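Since the structure comes first, as structure tokens, the remarks are kept for the end.
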Amino acid sequence: MINTDKLKRKLTNEKVTKKKENEHETFSEDIIDDIPLKEIDLNDDSETDDESEIDSSNDEHEDGSSDSTVYSDSEEFESDEEEEHEDSNNTTTKLDNTTSESSIVKKGTSEAQENTQKSSKENDDDEYASHDTSDEEDIRNTVGNVPMNWYDEYEHIGYDWEGKKIMKPNQGDQIDMFLKKMEDPNFWRTVKDSQTGQDVVLSDKDIELIKRIESHKIPDKDYDDYTPWVEWFTSEVMDMPLRKFPEHKRSFLPSKDEIKKVSKYVHAMKMGWMKSRRAMKLSEKRKMERGPQFYMLWHSDDAAEEMRRIHNHIPAPKRALPDHSESYNPPEEYLFNQQELKKWNREKKSIGNKKLHFVPQKYNSLREVPSYKRFIRERFLRCLDLYMCPRAIKMRLTIEPEDLLPKLPTPKDLQPFPTVVSITYIGHTDMVRSITIDPFGQYLASASDDSSVRFWEVSTGRCLKAFNINGIGKCITWCPNQAVSLVAVAVERRILLINPQLGDSLVITKTDDLLDTPPPEDKLTSERIKAAVQWEHVSPSNDDWNKGIRIVLHHFKEVKQVSWHGRGDYFATVMPDGENRSVLIHQLSRRRSQLPFSKPKGLVQAALFHPIKPLFFIATQRNIRIYDLVKQEMVKKLISNSKWISHMAIHPGGDNVLVGTYDRKVLWFDLDLSTKPYKSLALHNQAYVQWIYHPFVLELGQEGRLILQFH
Amino acid sequence: MAGPRKKKYTSGEGNQYWTRATALRKLQLSLKDFRRLCILKGIYPREPKNRKKAQKGATGIKTLYNKKDIQFLMHEPIIWKFREMKVQGRKIGRAKAMNENGLARRLMNKHVIINLDHIVKERYPTYLDALRDLDDCLTLCTLFSTFPSIKHIPRDQSSLCRRLVLEFMQAIITSRALRKVFISIKGYYFQAEIKGVTITWIMPHQFSFEPQTREEVDFRIMSTFVQFYIVLLGFVNFRFYNSLNLYYPPRISIASDESDDLIDKAGLESERIAALNIPLSCTSTDVNTEEEQDPVESFNMAMDENDKMEKAYLEAEKIRKLKKLFEGLKFFLNREVPREPLVFILRSFGALVSWDKTLFVGSTFDETDETITHQIVDRPSLSKQYVSRYYVQPQWIFDSVNARELLPVEKYFIGAVLPPHLSPFVEERDQYYSPPEAVGLDTTGEVINGKSQEDGKDNESVGSLSDNNSEEEDEKNDDERDQMSNSSSEDEKETSNNKGSPINSNKDIKKKAKAMKKKMAVAPGKLEKPDPNQVFEAEKQERKLRERMVEKKHRALYKSMMRGRAERIRDKNVLKKKRLLIEKTKSGIKATS
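Just so you know, the sequences run in chain order L and P.
Numbering that gives the first Met the number 0 numbers the first residue of the first sequence as 0 and each following residue consecutively.
Numbering that gives the first Met the number 0 numbers the first residue of the second sequence as 0 and each following residue consecutively.
What follows is the structure, given as structure tokens:
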């Protein structure tokens, strides 16, 4: 109970102070307003007790609202007391309408009331006999809260409990007033109760109260304005309400979890796992001083542990070990002479092509050897190499240059072949351009720069025949047909068909007969061909007839080559300058010529018939074209890798073609394989002129050397 | 037809490499840190097969790293250490800038320690791999051990290097693993053989440190290398010591020595060369039994061929002898002699070594000891000499080790003009010059060395006829001919050599024939002799023809090989000529005097 009382008081105090801030002004004003009114009412005669009562009730009135708030606050605290208060409230309301509540008042006001109570006690004791504590509202006038000036013209001012008129007290006149004023020492403190019209003498306390109010002070004298502030309920809104029940027991006991943790720490410290910061520092320092710790990193010599490593590692190559020249006391020949020193100094700055990176020195004894100036620098460069130099695996050759040389068969293994000159065919006075052998192999024909053609017997070397042909014979070829004896010679612009008149006389006469009778000209030859070539039969009366020349073909350009078809009826001539008429194919039996190409095919170098198939080969400057004569289309184009083809030969089987070039190469084409050379050989130092296909390939170079090769 | 078109450089060589800039970007490291990482992890650029493809078509030369290497680096924990260091550096910088010296000092004392143990294991999967790569490590550590404290090199690095290198040398001494030694103008070369792996390192001459300009040498890079090498060498040492049954870190066994008063233990530890002079204490006593085991036995299983066996046996025998080369000898080093290399060499071949005890700690006996067999002296003369010992110059030790036997000391006495010191690392090959001394050293060294130069030369000419032959031809500067003579048989050489001895021999034959004529009635048939010139010409012709037939794709190679050979022969001839000249002048001087 004491607690709650205290609490309440404090609460009220608090409220008051709050009010003081908010309502102080209005509150004091009201009081001040009231006072003169009361003074005016002093005229009415009424009991002083009542006056004071009213006064206090007035005071309380102001507090009314605050009281209610107090209740609302304190309701929760004590229900019993609340009931009591309610009781008292009820009584008071019964007693008096004007003042509704009075049970709980401020200290000062309650005291004032006490005074009035005392005075009322004096008036009638009955009231107190009933133990009614709410007697302070001793109001005899029951008119209610009406303006009292309504009763001005009446003798009474209201009615008491019994309904009797309360008569206005005797007012007295001005003189009485004056006398009173003069005589009564309490006059200044006498006020008139407006309700009763009685004079009320204000007590000292009342006066003090009034004075305090007038001077804008807190009415309660004892109220300490400066009590220390106890913030029971803060202005801040609390998240949680204050709890009525006490804290749980476990909030006062130490946590088990923490105990566990602490015990763990203690154990760790005991075991030395955990150290104090100082100990840690010390141990760290000691560790630093002791340096790195080593242990058995590899447990065996060559067993590697599985772990992620650098990808495809290439170990750095080691530095070359020193040789004699690096010795402090090398043999004297290793020391540099003037010239070498000069060269070394010159090359010092360059990075490459230096044999030694130092100058060899010789000292007579070990004590004279100074420190090597570039040692640190060299180690530094090595370090740079180790981390900056790109690495790659390069295969080192362990072979000797001899291993690269191909093994050629020794000439002894290839014997028998002619090793010495057995026959020399003597007779030509100038360079021999071309030779040919008759199909039986019995005779040899040669054309030379001395503008002559000679026929030889192969086995003896005897010159059987020789005559002048009025020009350099560029090419001479024997007709491959064994039934005729005929040789074609290209001499400047002419092709001479010669019957050498050697061998079987039957064949000779047959050949003459064949060439004698020109066939009937069934077709008109075109102008284009006519302009290119004319056939001329040599008449027997002519001198040339005796030489053996039977037919002369006059070409419009110089003829370089003539080549026979395998049957011997056709032959082709090549005129490199002839442009689109550079190749001509002639038919002997009909004395007819053809131009196989209408367009120029480049600078034609050579033309050939395939020995078996109806194919025609044409070598231009770089390529070789193969034409099908039946279908009249190009079959293949062989591509040489050389600049200029000079000559071409075909194997009797017809599968292989050999091509000689002016850039000193022999290209070997296999027609079954690709269009590129199967092999290219560079054997001569000069261009090829001609060769003949045989099991041995005979090669004739311009330099006059003959190379025999077995393929 | 078949999905989206394939982009260029998304597979194959174009996708295998990253440039350095890419690597930096991928790793989020500065160039400095990247460099350090590469050094520590042993990552290096690669040379691509096709640079244009590898660079994704970019021209110019870029530093290319294997993409997989860089991806491997991404997982490296020490990258985080680098970042920590960077942060630490920044903190220190800030503290300094804010004038908080206390904080800065505290931070500076708090080092970021990088642990490299795992990297050693990663880079060297096995112990043998580590041994194979020990050359650079030892050389650089030896160099660093001579360094004073300089900028950019951590304070303890040089002392740690010194400790580890000496520990290694100790182990070499105990295992008798040293094989070859050489005094070069750069320093002392040592070659040891551990587990069949040869390790060569250089010890610089005294006072090798010289201040270097920043352009010439960046000590920070070298220091990073040393940082790794220290760890490597430490682990190698540990295993090496363990394999020798020694304690690691080494303990010096002093108790065995009777002259205790000479040894100050604390001094020994500070003066580490002295420690080389004292045997280490073993973990167990049965070390020697293992050592004594016949090394050849292991060969028996592996090799079947007889001659190979024979060779291996001889080699093993030689090495066994070499290990005990100086055993039973007592050496005293004069103070002018470089102590470290000599003590190391002598002790690794079983000698007892001492020096003046007033100069350095660790001497085991005095100069007055009568049992001293050799005193190593490097001064022109010595006033007080003992009769009981040889006074030899240091080169004698080196030459003896390389010859694998004790050479006669006469040539190495005080004040003597020393014979040339030759490199033991040069193997004799044709096309390369080898001085006559080297040839003498190879055969029975003692005898040849004792004889005059002429003999040595004679020996050479007999030993390698082809050499002699080529020499004469080379005067004509015709290397091709030399080749031919080399390849052709011995007989043909005799005949082709038309200048020198063959003519003489022909004369001899004629004389004999004349004598025979007188004796016998039947005239002997004439020996048909082909004209040597013609034969030579024919051979040359044939070779030329063969050269023409060399395949086109090998032609450039063949030519360059021939060029190289010609150059080597030319160099050889230059040296030979110089030698001849020198000998001529020498003999001339001798003759006049």
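All C-beta atoms, glycine included, are put in the ideal place defined by N, C-alpha and C.
This one's a predicted model, so the numbers in the text were calculated from it and none came from an experiment.
Proximity of the segment 201-218 of chain P to the segment 146-154 of chain P meets the contact definition, three or more beta-carbon pairs being nearer than 8 Å. Contact with chain P is found for glutamine 360 of chain L, since one of that chain's Cβ atoms lies less than 8 Å from the residue's Cβ. Chain L places a beta carbon closer than 8 Å to that of isoleucine 184 of chain P, counting this residue as a contact.
Residues of the segment 319-331 of chain L that bring their beta carbon within less than 7 Å of a beta carbon in chain P comprise Leu320, Pro321, Asp322, His323, Glu325, Ser326, Tyr327, Asn328, Pro329, Pro330 and Glu331, in sequence order.
For the pair histidine 310 of chain L and proline 44 of chain P, the Cα-to-Cα distance works out to about 12 Å. Inclusion of leucine 72 of chain P and leucine 36 of chain P in the CB contact set at 8 Å is warranted, their separation being smaller than that value. Excluding the 5 residues flanking it on each side, serine 282 of chain L has same chain C-beta neighbours closer than 8 Å at Lys274, in chain order. If the five residues before and after leucine 607 of chain L are omitted, its C-beta is found closer than 7 Å to the C-beta atoms of Ser562, Phe616, Met647 and Ile649, all from its own chain and listed in chain order.
CA-to-CA, the gap between glutamine 337 of chain L and glutamate 566 of chain P works out to about 21 Å.
The Cβ atoms of serine 433 of chain L and glycine 470 of chain L do not sit closer than 8 Å to each other.
The beta carbon of lysine 577 of chain P sits closer than 8 Å to some beta carbon of chain L. According to DSSP, residue pairing for tyrosine 390 of chain P in a beta bridge involves P:Gln374. At a cut-off of 3 residues, the continuous stretches assigned as beta strand (DSSP E) that sit fully inside the segment 625-679 of chain L are 632-638, 644-649, 655-660 and 665-669.
Against chain P, the CB of leucine 463 of chain L has no partner CB under 8 Å away; the residue lies outside that interface. The Cβ atoms of leucine 328 of chain P and alanine 311 of chain P do not sit closer than 8 Å to each other.
Taking C-beta separations shorter than 7 Å and ignoring five residues to either side along the sequence, the partners of valine 368 of chain L in its chain run Tyr327 and Tyr362, following chain order. Relative to the Cα of aspartate 68 of chain P, the nearest Cα in the group P:Arg334, P:Arg105, P:Tyr240 and P:Ile42 belongs to P:Ile42.
Residue pairing by DSSP places proline 203 of chain P opposite P:Gly186 in a beta bridge. For aspartate 205 of chain L, there is no enclosing beta strand (DSSP E); the enclosing alpha helix (DSSP H) covers residues 203-213.
Secondary structure of leucine 380 of chain L (DSSP, three-state): helix. Short of 6 Å from the beta carbon of asparagine 65 of chain P, and not among the five residues preceding or following it, lie these beta carbons of its own chain, in chain order: Arg45.
If the five residues before and after leucine 321 of chain P are omitted, its C-beta is found closer than 6 Å to the C-beta atoms of Arg403, all from its own chain and listed in chain order. For proline 434 of chain P, the closest Cβ of chain L is nearer than 8 Å.
In terms of Cα proximity to valine 558 of chain L, the closest of L:Lys353, L:Val573, L:Gln170 and L:Gly290 is L:Val573. Per the coordinates, the alpha-carbon of aspartate 306 of chain P lies some 39 Å from the alpha-carbon of proline 531 of chain P. Under the 8 Å criterion on CB atoms, leucine 102 of chain P is classed as non-interfacial with respect to chain L. DSSP, read as helix, strand or coil, puts asparagine 114 of chain P in coil. L:Ala531 is the residue among L:Gly601, L:Lys635, L:Ala531 and L:Pro240 whose C-alpha sits nearest the C-alpha of isoleucine 584 of chain L. With respect to leucine 552 of chain L, arginine 493 of chain L sits close: the two C-beta atoms are nearer than 8 Å. In terms of beta-carbon proximity, tryptophan 297 of chain L lines the interface with chain P, with at least one pair separated by less than 8 Å.
Listed by position along chain P, the residues whose Cβ is nearer than 9 Å to that of proline 314 of chain L are Asp128, Arg131 and Asp132. In the displayed model, threonine 428 of chain L falls within coil according to three-state DSSP, outside both helix and strand. At a Cβ-Cβ threshold of 8 Å, alanine 176 of chain P and glutamate 192 of chain P count as neighbours. Across the structure, serine 364 of chain L and phenylalanine 181 of chain P are spaced so that their CA atoms are roughly 14 Å apart. The beta carbon of proline 529 of chain P sits closer than 6 Å to no other beta carbon from its chain once the five residues preceding and following it are set aside. For the options P:Phe325, P:Asn333, P:Asn241 and P:Glu75, the alpha carbon positioned closest to that of tyrosine 126 of chain P is the one of P:Asn241.
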